[in-house]
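Engineer: Residue numbers (my numbering), protein chains in the order written: chain A, 5 to 339; chain B, 5 to 339.
Pasting in a structure now, in structure tokens, and then I'll have a few things to ask.
2 protein chains.
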Amino acid sequence: MVKITDVAAHAGVSPSTVSYALSGKRPISQETRLRIERSIRELGYRPHAGARSLASSRARVLALVLPLRRGMHVPVVMQFATSVVTAARDHDHDVLLLTGSEGEEGLIRVSHSAMADTFVIMDVEVDDRRLPLLRTLDQPSVLIGYPADPTGLTCVDLDFRQAAQACVDHLAALGHRRVALVGSHPEVYVRGTGFARRVAAGFTAAADRHGLASSVHPCADTPVAARALAERLVREQPGLTAVVVHNEPIVQPLVEALTALGLRVPQDVSVAAICPDEIAEPAATPITSVSLPTALVGARAVELLMSKLQGAAVPETTMLPVHLTVRATTAPPPA
Amino acid sequence: MVKITDVAAHAGVSPSTVSYALSGKRPISQETRLRIERSIRELGYRPHAGARSLASSRARVLALVLPLRRGMHVPVVMQFATSVVTAARDHDHDVLLLTGSEGEEGLIRVSHSAMADTFVIMDVEVDDRRLPLLRTLDQPSVLIGYPADPTGLTCVDLDFRQAAQACVDHLAALGHRRVALVGSHPEVYVRGTGFARRVAAGFTAAADRHGLASSVHPCADTPVAARALAERLVREQPGLTAVVVHNEPIVQPLVEALTALGLRVPQDVSVAAICPDEIAEPAATPITSVSLPTALVGARAVELLMSKLQGAAVPETTMLPVHLTVRATTAPPPA
DNA sequence: GTGAAAGCGCTAACAA
DNA sequence: TTGTTAGCGCTTTCAC
Numbered sequence: 005m006v007k008i009t010d011v012a013a014h015a016g017v018s019p020s021t022v023s024y025a026l027s028g029k030r031p032i033s034q035e036t037r038l039r040i041e042r043s044i045r046e047l048g049y050r051p052h053a054g055a056r057s058l059a060s061s062r063a064r065v066l067a068l069v070l071p072l073r074r075g076m077h078v079p080v081v082m083q084f085a086t087s088v089v090t091a092a093r094d095h096d097h098d099v100l101l102l103t104g105s106e107g108e109e110g111l112i113r114v115s116h117s118a119m120a121d122t123f124v125i126m127d128v129e130v131d132d133r134r135l136p137l138l139r140t141l142d143q144p145s146v147l148i149g150y151p152a153d154p155t156g157l158t159c160v161d162l163d164f165r166q167a168a169q170a171c172v173d174h175l176a177a178l179g180h181r182r183v184a185l186v187g188s189h190p191e192v193y194v195r196g197t198g199f200a201r202r203v204a205a206g207f208t209a210a211a212d213r214h215g216l217a218s219s220v221h222p223c224a225d226t227p228v229a230a231r232a233l234a235e236r237l238v239r240e241q242p243g244l245t246a247v248v249v250h251n252e253p254i255v256q257p258l259v260e261a262l263t264a265l266g267l268r269v270p271q272d273v274s275v276a277a278i279c280p281d282e283i284a285e286p287a288a289t290p291i292t293s294v295s296l297p298t299a300l301v302g303a304r305a306v307e308l309l310m311s312k313l314q315g316a317a318v319p320e321t322t323m324l325p326v327h328l329t330v331r332a333t334t335a336p337p338p339a
Numbered sequence: 005m006v007k008i009t010d011v012a013a014h015a016g017v018s019p020s021t022v023s024y025a026l027s028g029k030r031p032i033s034q035e036t037r038l039r040i041e042r043s044i045r046e047l048g049y050r051p052h053a054g055a056r057s058l059a060s061s062r063a064r065v066l067a068l069v070l071p072l073r074r075g076m077h078v079p080v081v082m083q084f085a086t087s088v089v090t091a092a093r094d095h096d097h098d099v100l101l102l103t104g105s106e107g108e109e110g111l112i113r114v115s116h117s118a119m120a121d122t123f124v125i126m127d128v129e130v131d132d133r134r135l136p137l138l139r140t141l142d143q144p145s146v147l148i149g150y151p152a153d154p155t156g157l158t159c160v161d162l163d164f165r166q167a168a169q170a171c172v173d174h175l176a177a178l179g180h181r182r183v184a185l186v187g188s189h190p191e192v193y194v195r196g197t198g199f200a201r202r203v204a205a206g207f208t209a210a211a212d213r214h215g216l217a218s219s220v221h222p223c224a225d226t227p228v229a230a231r232a233l234a235e236r237l238v239r240e241q242p243g244l245t246a247v248v249v250h251n252e253p254i255v256q257p258l259v260e261a262l263t264a265l266g267l268r269v270p271q272d273v274s275v276a277a278i279c280p281d282e283i284a285e286p287a288a289t290p291i292t293s294v295s296l297p298t299a300l301v302g303a304r305a306v307e308l309l310m311s312k313l314q315g316a317a318v319p320e321t322t323m324l325p326v327h328l329t330v331r332a333t334t335a336p337p338p339a
């Protein structure tokens with residue numbers, strides 16, 4: 005193994021000079037710097053992470069806590085994780101992967117053992133049990149999602165409220181008078197994940213503002229459940245001409261269920277979705293949707309964390325804007 | 005921060021005794037052990053990971069390299085990752101998350117800096133560029149998938165060949181005479197990912213053995229592509245009565261496309277899939293499928309790694325068996 | 001602009 | 001069965 009003393013000897017300088025050349029924490033003459041860089045390259049030197057963390061109390065590691073439960077759309081989680089890893093690497097950090105199931109114990113373990121010096125927590129619930137702990141940890145953290153009380157925390161999320169509003173605004177402008185929201189898995193509401201509630205709130209508020217009749221329907225994320233709900237909607241709400249879906253796995257099944265019931269999309273019923281473009285775009289009938297720039301959330305979370313590491317003050321909440329793309333599944337209601 | 009000397013003082017023993025009590029590397033009297041455990045609990049002591057890694061050359065970290073590319077079914081990747089994290093925790097290890105896009109450089113960085121002491125590489129290609137490097141690394145690794153030459157490596161994968169065979173055997177037994185395989189995204193074949201080729205090979209071999217006419221069709225993972233392929237199959241192969249699908253995202257779309265073309269499943273055409281139960285089971289017509297116990301792969305990979313860490317010899321290749329479940333999409337061909 | 005040297009907290013000989 | 005102590009490789013005062 006190549007160590008810093010090897011590099012120092014090879015470059016004809018002291019170990020501390022190599023260290024400073026690496027960290028940039030004190031000025032080095034152009035000449036020595038080049039000599040050191042050359043030695044590092046020739047010897048293939050990489051600082052020992054443990055030694056570095058021990059001496060500097062900085063592990064250069066970000067701990068990422070991912071949820072792995074019902075009602076989470078996996079591709080979205082994955083995309084988010086990828087963006088965190090990429091952003092972390094841009095700041096010369098690595099990523100430690102934790103599962104939400106480890107709970108508070110996992111956070112304490114990683115924090116106290118100094119394995120990581122920052123935390124990103126995904127899928128935070130409204131009254132998350134981990135919040136008090138996060139407020140006391142030595143390491144800064146960023147939450148994805150909004151808890152009831154963000155005081156003393158840093159939270160990032162997409163503007164789901166605006167997402168729902170954008171859908172309703174669009175449908176109202178087309179002339180629809182009665183709209184329904186097909187929402188997340190019932191469990192998601194029960195456990196109080198913020199985004200599901202914010203979608204529902206934004207949906208209802210916008211409908212009220214436009215004077216539309218509206219209803220909200222949690223739905224399991226299986227084709228069978230989508231079909232059942234579609235039947236119920238058609239049966240119970242004859243005047244219904246537009247549906248907003250916020251449940252990735254059943255966007256397509258729902259459209260198909262409506263079609264199977266004899267309703268043409270968009271001639272008889274309009275469908276707008278809140279989902280990634282990867283779902284909306286390749287559909288047989290491309291779906292009008294509010295796309296979720298998930299990758300931006302991860303990148304922003306890492307940025308905020310790096311600012312906090314440097315002692316900068318950051319906002320307690322950050323809302324990332326979303327954008328509606330009109331495609332082929334929305335049209336004026338039938339005359 | 006609580007350190008080992010604090011625990012030692014609190015328990016009235018030397019630091020080394022605490023260390024040995026923790027590692028179990030030398031016998032400790034029942035009494036001192038209990039006293040130490042009590043002190044650790046009361047003080048909330050957690051060993052400093054960096055210090056530990058520096059002193060022992062063991063980071064207790066497993067680096068997991070995940071692919072994030074076209075043609076990978078994300079839920080499967082995620083499920084696999086989860087099983088690796090869980091298994092690693094069972095062995096008191098944490099998991100460092102790397103993306104395949106970091107390539108060899110990422111492996112070198114993590115290896116040389118001693119951040120991790122084992123590697124799990126997912127989605128290995130037949131002629132993977134990382135193989136020579138992996139053979140020379142100080143840390144043991146396990147590959148998910150099979151390269152052309154596994155010499156000096158440790159590889160784990162599901163028995164995809166057997167999976168395809170099981171489907172063909174089942175269809176042949178039902179009396180089908182002409183079968184088609186709808187395979188992975190064309191890119192997957194181009195880049196030479198082993199499992200796609202093994203499925204194709206197993207499929208063709210089994211069909212030949214049974215004297216069936218057979219054909220193989222790579223397919224993009226979108227509903228549109230599934231529909232197009234279904235039309236082509238119906239048009240070009242009038243005698244076709246059975247299809248095997250190995251492409252998770254389009255299992256359902258393909259069934260629907262066939263139905264839309266006027267073919268009843270399973271009366272007119274049988275469909276068998278190679279996919280997770282989570283896809284096959286909840287379908288409107290539950291799909292006959294070979295299920296892929298992805299979670300077992302991760303657990304086995306970690307087990308092999310831990311054995312290697314202890315210097316044990318492990319097989320170069322491990323094939324995990326799969327199992328066919330007959331559901332509602334397969335039946336004898338029409339008379 | 002550079003060097004010398006004292007730790008960071010832990011493990012693992014070596015000693016008893 | 002337990003204690004003493006010399007590092008592990010790096011960062012960072014302190015000194016020049």
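Just so you know, even glycine gets a beta-carbon here, dropped at the ideal spot from N, CA and C.
Just so you know, these numbers come straight off a predicted model, no measurement behind them.
Using 8 Å as the cut-off, can you tell me whether the segment 25 to 34 of chain A makes contact with the segment 91 to 107 of chain B, which would need three or more C-beta pairs spanning the two stretches below that distance?
Structural biologist: no
Engineer: Between the Cα of Leu300 (chain A) and those of A:Asp163, A:Arg213, A:Val17 and A:Leu262, spot the shortest distance and give me the residue it belongs to.
Structural biologist: The residue given as residue 300 (chain A) occupies position 296 in the first sequence. Ranked by how close their Cα comes to the Cα of Leu300 (chain A), the residues A:Asp163, A:Arg213, A:Val17 and A:Leu262 have A:Asp163 in first place.
Engineer: Suppose you measure from the CA of Ala176 (chain B) to the CA of Arg62 (chain B); what does that come to, to the nearest Å?
Structural biologist: Looking up residue 176 (chain B) in the second sequence gives position 172. Looking up residue 62 (chain B) in the second sequence gives position 58. Cα to Cα, the separation comes out at about 53 Å.
Engineer: Given 8 Å as the limit, is there contact between the segment 247 to 254 of chain B and the segment 275 to 293 of chain B, that is, 3 or more CB pairs closer than that?
Structural biologist: yes
Engineer: Report the neighbours of Arg331 (chain B) on chain A: residues whose CB is nearer than 7 Å to its CB, in chain order.
Structural biologist: Within the second sequence, the letter at position 327 stands for residue 331 (chain B). What Arg331 (chain B) touches in chain A: nothing, since even the nearest Cβ is about 14 Å away.
Engineer: For the beta strand (DSSP E) holding Val275 (chain B), just list the boundary residues, first then last.
Structural biologist: Position 271 of the second sequence holds residue 275 (chain B). Its beta strand (DSSP E) spans residues Ser274 to Ile278.
Engineer: Met323 (chain B) bridges to which residues according to DSSP?
Structural biologist: Along the second sequence, one-based indexing puts residue 323 (chain B) at 319. In DSSP, Met323 (chain B) forms a bridge with B:Asp161.
Engineer: I want to verify the contact list: residues of chain B whose CB lies under 9 Å from the CB of Leu100 (chain A), in sequence order.
Structural biologist: By one-based count along the first sequence, residue 100 (chain A) stands at place 96. In chain order: Val65, Asp98, Val99, Leu100 and Leu101.
Engineer: Give the interface partners of Arg139 (chain A) over in chain B, defined as CB-CB distance under 9 Å, in chain order.
Structural biologist: Position 135 of the first sequence, counted from the first residue, corresponds to residue 139 (chain A). The premise fails here: Arg139 (chain A) is roughly 17 Å from chain B at the closest Cβ pair, so nothing lies under 9 Å.
Engineer: Mind checking Ala317 (chain A): buried by the 16 CB within 10 Å criterion, or exposed?
Structural biologist: Start at 1 with the first residue of the first sequence, and residue 317 (chain A) comes out as number 313. With fewer than 16 other Cβ atoms within 10 Å, it is exposed.
Engineer: Going by DSSP, which residues form a beta bridge with Ser145 (chain B)?
Structural biologist: Along the second sequence, one-based indexing puts residue 145 (chain B) at 141. Ser145 (chain B) is bridged to B:Phe123.
Engineer: Which residue comes first and which comes last in the alpha helix (DSSP H) that contains Asp212 (chain B)?
Structural biologist: Locating residue 212 (chain B) in the second sequence gives position 208, where the first residue counts as 1. First-last of the alpha helix (DSSP H) with Asp212 (chain B): Gly198 to His214.
Engineer: Check whether the segment 179 to 192 of chain A and the segment 141 to 159 of chain A touch, using three or more Cβ-Cβ pairs below 8 Å as the test.
Structural biologist: no
Engineer: Rounded to whole angstroms, what's the CA-CA distance from Pro319 (chain A) to Val306 (chain A)? Just pull it up for me.
Structural biologist: By 1-based counting over the first sequence, the position of residue 319 (chain A) is 315. By 1-based counting over the first sequence, the position of residue 306 (chain A) is 302. Cα to Cα, Pro319 (chain A) sits roughly 14 Å from Val306 (chain A).
Engineer: Smallest Cα separation from Thr321 (chain B): which of B:Val330, B:Leu309, B:Arg331 and B:Ala25?
Structural biologist: Position 317 of the second sequence, counted from the start, is the residue given in the question as residue 321 (chain B). With distances taken between Cα atoms, Thr321 (chain B) lies closest to B:Leu309.
Engineer: Could you tell me if Glu46 (chain B) is buried or exposed, where buried requires 16 or more neighbouring beta carbons within 10 angstroms of its beta carbon?
Structural biologist: Looking up residue 46 (chain B) in the second sequence gives position 42. Exposed, by the Cβ-count rule.
Engineer: At 7 Å on the CB atoms, spell out the chain B contacts of Val78 (chain A), in chain order.
Structural biologist: Taking the first sequence and counting its residues from 1, one reaches residue 78 (chain A) at position 74. Here the neighbours are Val78, Pro79 and Met82.
Engineer: Anything in chain A within Cβ reach of Gln256 (chain B), meaning under 9 Å, just list it in chain order.
Structural biologist: Along the second sequence, one-based indexing puts residue 256 (chain B) at 252. Residues of chain A with a Cβ closer than 9 Å to the Cβ of Gln256 (chain B) are, in chain order, Pro227, Gln256 and Pro257.
Engineer: Which same chain residues end up closer than 8 Å to Ala232 (chain A) when comparing Cβ atoms and leaving out the 5 residues on each side of it in sequence?
Structural biologist: As a first step, residue 232 (chain A) must be located in the first sequence, where it is residue number 228. Correct list: empty, nothing qualifies.
Engineer: Note down, in chain order, each residue of its chain lying with its Cβ closer than 6 Å to the Cβ of Val355 (chain B), except the 5 sequence neighbours on either side.
Structural biologist: As displayed, chain B neither begins before 5 nor continues past 339, which places residue 355 (chain B) out of reach and without an answer.
Engineer: Note down, in chain order, each residue of its chain lying with its Cβ closer than 6 Å to the Cβ of Thr298 (chain B), except the 5 sequence neighbours on either side.
Structural biologist: Taking the first residue of the second sequence as 1, we reach residue 298 (chain B) at position 294. Closer than 6 Å at the Cβ level, and outside the excluded window around Thr298 (chain B), lie Val80, Gln83 and Phe84.
Engineer: Would you say Ala288 (chain A) and Pro227 (chain B) are within 7 Å of each other, going by their C-beta atoms?
Structural biologist: Within the first sequence, residue 288 (chain A) is the residue found at index 284, counting from 1. Within the second sequence, residue 227 (chain B) is the residue found at index 223, counting from 1. Going by C-beta atoms, Ala288 (chain A) is nearer than 7 Å to Pro227 (chain B).
Engineer: If you reduce the DSSP assignment to three classes, tell me which class Arg182 (chain B) lands in.
Structural biologist: Locating residue 182 (chain B) in the second sequence gives position 178, where the first residue counts as 1. Three-state DSSP puts Arg182 (chain B) in a strand.
Engineer: Do His174 (chain B) and Leu70 (chain B) have their C-beta atoms within less than 7 Å of each other?
Structural biologist: Within the second sequence, numbered from 1, the residue matching residue 174 (chain B) stands at position 170. Within the second sequence, numbered from 1, the residue matching residue 70 (chain B) stands at position 66. Their beta carbons are not under 7 Å apart, which means His174 (chain B) does not touch Leu70 (chain B) by this criterion.
Engineer: Which class does Ala316 (chain A) belong to by DSSP, given the choice of helix, strand or coil?
Structural biologist: The residue given as residue 316 (chain A) occupies position 312 in the first sequence. Of the three classes helix, strand and coil, the one that applies to Ala316 (chain A) here is coil, per DSSP.
Engineer: On the three-state DSSP scale, how would you describe Leu267 (chain A)?
Structural biologist: One-based indexing of the first sequence puts residue 267 (chain A) at position 263. Three-state DSSP puts Leu267 (chain A) in coil, outside helix and strand.
Engineer: Look at the alpha carbon of Cys159 (chain B) and the alpha carbon of Leu111 (chain B), and state the distance between them as a whole number of angstroms.
Structural biologist: As a first step, residue 159 (chain B) is located in the second sequence; it is residue number 155 there, counting from the start. As a first step, residue 111 (chain B) is located in the second sequence; it is residue number 107 there, counting from the start. Approximately 17 Å between the Cα atoms of the pair.
Engineer: Using the Cβ count rule (16 or more neighbours within 10 Å means buried), how would you classify Ala204 (chain A)?
Structural biologist: Here residue 204 (chain A) refers to the residue found at position 200 when the first sequence is read from its first residue. Looking at its Cβ environment, which holds 16 or more other Cβ atoms inside 10 Å, Ala204 (chain A) is buried.
Engineer: Here's the rule I'm using: 16 or more other beta-carbon atoms within 10 Å means buried, otherwise exposed. How should Gly266 (chain A) be labelled?
Structural biologist: In the first sequence, the residue the question calls residue 266 (chain A) occupies position 262. By the 10 Å Cβ count, Gly266 (chain A) comes out exposed.
Engineer: By the criterion of Cβ-Cβ separation under 8 Å, what are the contact partners of Pro428 (chain B) in chain A?
Structural biologist: Residue 428 (chain B) cannot be examined here, being either before or after the span of chain B that is shown, 5 to 339.
Engineer: Which residue marks the beginning of the alpha helix (DSSP H) containing Thr36 (chain B), and which one marks its end?
Structural biologist: Locating residue 36 (chain B) in the second sequence gives position 32, counting from the first residue. Note, Thr36 (chain B): alpha helix (DSSP H), Gln34 to Leu47.
Engineer: Once you ignore the five residues that flank Thr155 (chain B) on each side, which residues in its own chain have a CB closer than 8 Å to its CB?
Structural biologist: The sequence position of residue 155 (chain B) within the second sequence is 151, counting from 1. Residues Glu320 of the same chain have their beta carbon placed closer than 8 Å to that of Thr155 (chain B), with the five preceding and five following residues left out of the count.
Engineer: If we define contact as Cβ-Cβ less than 7 Å, is Pro286 (chain B) a contact residue for chain A?
Structural biologist: One-based indexing of the second sequence puts residue 286 (chain B) at position 282. True, the Cβ-Cβ gap to chain A drops below 7 Å.
Engineer: Look up Leu244 (chain A) in the DSSP assignment and say whether it is helix, strand or coil.
Structural biologist: Taking the first sequence and counting its residues from 1, the one referred to as residue 244 (chain A) is at position 240. It is coil, neither helix nor strand.
Engineer: Does DSSP put Ala63 (chain A) in a helix, in a strand, or in coil?
Structural biologist: Mapped onto the first sequence, residue 63 (chain A) falls at position 59. Coil.
Engineer: Output needed for Leu296 (chain B): all residues of its chain with C-beta closer than 8 Å, excluding positions within five of it in sequence on either side, in chain order.
Structural biologist: Here the question's residue 296 (chain B) lines up with position 292 in the second sequence. Excluding residues within five positions, the ones whose Cβ falls inside 8 Å are Val80, Leu162, Ala167, Ile278, Cys279, Pro280 and Val326.
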